[in-house]
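S.K.:
Written as structure tokens, this is what we have:
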């Protein structure tokens, strides 16, 4: 992601997610990538919601979900 090879980053993350659909670091990274780099705020929120279903006290996911939800309400 940092090298902006987003297609490859997404491919790797989705492969990792296939191995463990509840992998919180992968879900968080997918949320981050979709929100920050792809501006797909709805998809970012979906990934963060999945994290919060698994780990309701995850402050990072809660804060990021809130941040991207604000973008959707202002559209």
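Numbering (our numbering), first residue to last: 142 to 216.
Idealized CB from N, CA, C, for every residue including glycine.
Which two residues bound the contiguous alpha helix (DSSP H) that contains residue 204?
M.R.: Taken as a continuous stretch (DSSP letters only), the alpha helix (DSSP H) holding residue 204 covers 200–214.
S.K.: Taking the continuous alpha helix (DSSP H) assigned at residue 163, which residues delimit it?
M.R.: Here residue 163 belongs to no alpha helix (DSSP H), and DSSP marks it neither H nor E.
S.K.: First and last residue of the alpha helix (DSSP H) that includes residue 191?
M.R.: 182–195
S.K.: Measure the CB-CB distance between residue 178 and residue 147 and report whether it falls below 8 Å.
M.R.: yes
S.K.: Which of the three DSSP states is assigned to residue 145 in this structure?
M.R.: coil
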